[in-house]
Structures are given as structure tokens and as C-alpha cells.
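Numbering-wise, our numbering puts 42 at position 58 of the first sequence, and it's gapless, one number per residue. Heads up, the beta-carbon is just placed ideally off N, CA and C, and yes, glycines get one too. Here the structure is a predicted model, which is why all the values come from computation and not from measurement. The structure under discussion appears below in the form of C-alpha cells.
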Amino acid sequence: MPEQGGWSAVFGILEEAFGPQDWWPAQSPFEAMVGAILTQNTAWRNVEKAIANLRAVDALSVRALLALPEGDLAELLRPSGFYRIKTRRLLALCRFLETRGVGAAPEQLARQATLPALRKDLLAVHGIGAETADSILLYALGLPVMVVDAYTRRIGGRLGLLEDHLSYGEVQAGMEAELKPDDVLTRNALHALLVSLGKDYCRPRPRCGSCPLHACCAHAAGS
DNA sequence: TACCAGGAGAAAA
DNA sequence: TTTTCTCATGGT
């Protein structure tokens, strides 16, 4: 795998293997924000259960969540794990959106400031770190930010594109350098494709045999 | 039974 | 400043 253009090559191979992607598994921008918090160190299938619980009580809105007793909200979030922590983090996000005057239409947040300013504001919210902030910016607000997650690191490491010690910002900058500045769709699709690969093949116990990247993967070559 | 999952914040060193 | 610990359910 060449150093220059490595992620571009990966994108091409994965898109051919998995087809075009345009996703975050959510029915609204606010649901995408909720999912970004609930999926912290958690498998998505467990997040889906918690979101289904919220939907069942019609609580997928800022005001509905803020109106719920904290204990009730925690019980609804229980299937996603870390539920007491995530309750506090979700409420912190809701209070932030209310403070910004976009509680009724969280997607309007994107119109309030530049992308760097929005990112800084999100990072100041309790429970929102770099990955969660970038997931919200890309998937809920449709802004051009590359999300770096555990899948990205694992796949990049096995392909020889990433070294272990790189910080979140360093990994992100390296990927951004290969992307057009305002290309939201490619950032969305690349991350979605990496998630697909990570779930199906590039796992902690990898299934290299039929992996689309088998031919150019250093890990597969050494196994 | 043990490991792992789309992190982040707090505490300890 | 950096490293380690804690949070927790559910699937493989």
C-alpha cells in the first residue's frame, strides 16, 4: 500500500466491494447526535435498543429528554451500557442545544458559527470528545469533517497507513490531506465503508480470508 | 468464561 | 503532563 494516497486507494477498493454509502443510522439530526453519544465504546446494536426505548416513549427530542426524570432516562438508556454516565452526557448535550436556542431544531446549530468554532463549542460540552464532536458535525450537521474511530485506527494500522502512537488530530489531519476541503459525501462514505469493513472483516480477531483489502494488507500478509 | 464493542472524564502517578 | 482507572450491558 503506497504512503501517498493510501486512504484514497482504500476508499476505491471498499466502494467497489460494498457499494456507495451515505449513512448514519438515524432518522433525524438529533437522533444522530444521541447516537453519537450512546455509541461511545459500545456496539451499535446495543445503541439501537436504547434509541428504540426513547422512540417508544416519544423522547427523541431535546425538550422531551430534558423533561424526563433522570432516573427514567437512565433506565431507557440501560441497554447501551455505561447508562448512568451517558444519561449525564445526553442531558449536557440537550442543555447546550437549549442554551444555543436550537432545542426545537438542533440541525440549525450549523448556521450559527464556523465549523472550527462549532467544534470548539461541542468539545466544551461535558461528555463530548473529539470523535463524538466530529460524528455530530459530519452526520447530524452535514459539515465536512473526517471522523476517526477505533475502526479507522485498526484498519489503518493493519494496512501500514497509521502508526500506533499518532494522536486523534494527527490521524485526522493525515486523512483530511487526501480529501477535498468541502467534500462531505466522501468523508461520510469513507467512514461508513471503514465501519463496514471493521464490522465484517477487520475485527480484533480478523476474518482476512474474503476481506476486500486482503491483497494489500500487511497484517494479512503476515498471518 | 473471557473478550470485545464506532470513548470520555476523573484520578493517580 | 501522561498514564491508568472507571463506567456496564449484551453479543460472540
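Note on geometry: alpha-carbon atoms of R68 and A(-7) lie some 41 Å from one another. Contact between A176 and W7 holds, since their C-beta atoms are separated by about 5 Å, short of 8 Å. Counting along the chain, the unbroken alpha helix (DSSP H) around N30 starts and ends at 28 to 40. Taking a C-beta distance under 8 Å as the contact criterion, R142 and V155 do not qualify as a contact pair. Contact annotation, P53 with N37: C-beta distance approximately 15 Å; criterion of less than 8 Å not satisfied. Going by C-alpha positions, I(-3) is about 19 Å away from M130. Of the other Cβ atoms in all chains shown, fewer than 16 fall within 10 Å of the Cβ of A27; this residue is therefore exposed. Here the alpha carbon of Q24 sits roughly 8 Å from the alpha carbon of T116.
Straight through space, the alpha carbons of N30 and L102 are spaced by roughly 29 Å. Note on geometry: alpha-carbon atoms of P9 and G111 lie some 21 Å from one another. Note that the C-beta distance between I139 and G193 is not below 8 Å. For the alpha helix (DSSP H) assignment, the uninterrupted runs of no fewer than 4 residues enclosed by the stretch 81 to 151 are, from N- to C-terminal side, 99 to 107, 114 to 119, 134 to 143. For R171, the enclosing alpha helix (DSSP H) has its first and last residue at 168 to 184.
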